[in-house]
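Down below is the structure, laid out as structure tokens.
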Amino acid sequence: MKTIINILLCLAIAAGMTSCGNSGKKSDESDDKLSRSEKKELTEMMKDLSDKVEIKGDKVIRTTKAFGGIVTKTTYHFTGDKCTRLVVEAKYPDKKMAEKIHTGYKEVSHLFDDIKMEGNTVIYEQSGEIVELGYGEYTKKSLRNKLQKDIDDSKEIMDALKDEL
């Protein structure tokens, strides 16, 4: 789910940046272009992004640092070579943001086995049918490979964005 959100964010940024150069109107172009300081700020923010995936024992773990300092650790638990449980820990820059996310998750609590908040970290767990539907086809290795491909695809988009700056 986070991968989709990250990719959509990157695509939205890419689409916005592409439209800046293709408006065809001089006044629109000058209004839409980023200032030097905005470009520098965006470039600095992009330096802080990271995404990695690894297999550790009976788990596949993906750790992502996104815009705004949000750090998400998703742990896919395997029994044998079948994903049976998913635990997501998302640490937000402040407690207020975490509370908003936690409240939103509670509104769809039927999708989760457990939802809790510890400080500015929101943790939720899923198992059963939802995990089977989303990850039942993957072994540890194939899930790691799929997640790595998602990461590589996102990096390509981000590199293209950096080139536009």
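Residue numbering for the sequence shown follows UniProt numbering, beginning at 1 and increasing consecutively.
All C-beta atoms in this analysis are idealised placements derived from N, C-alpha and C, irrespective of residue type, glycine included.
### Query
Ordered along the chain, which non-local residues of its own chain (more than five positions away) have a Cβ less than 8 Å from that of MET117?
ALA98, GLU99, HIS102 and ILE123
### Query
Over what stretch of residues does the beta strand (DSSP E) that includes SER142 continue unbroken?
Here SER142 belongs to no beta strand (DSSP E); instead the alpha helix (DSSP H) covers 140-164.
### Task
Let me know the secondary structure DSSP gives PHE112 once reduced to three states.
coil
### Query
Of the residues VAL87, ASP58, SER127 and GLY119, which one's Cα is nearest the Cα of PHE78?
ASP58
### Task
Just mark THR74 as buried or exposed, buried being the case when its beta carbon has 16 or more other beta carbons within 10 Å.
buried
### CA-to-CA distance, THR43 to LEU165, given in whole angstroms
8 Å
### Task
Closer than 6 Å by C-beta to LYS25: which residues in its own chain qualify, once you throw out the five before and the five after it? Chain order, please.
Note on LYS25: pLDDT 49, under 50, position unreliable in the model; the coordinate value appears next. Excluding residues within five positions, none has a Cβ falling inside 6 Å.
### Task
Along the beta strand (DSSP E) that carries TYR124, what are the first and last residues, could you check?
121-127
### Query
The alpha helix (DSSP H) with SER37 in it runs from where to where?
36-47
#### Entry: CA-to-CA distance, LYS162 to GLU41, given in whole angstroms
12 Å
### Query
Is TYR92 closer than 8 Å to TYR135 when the C-beta atoms are compared?
no
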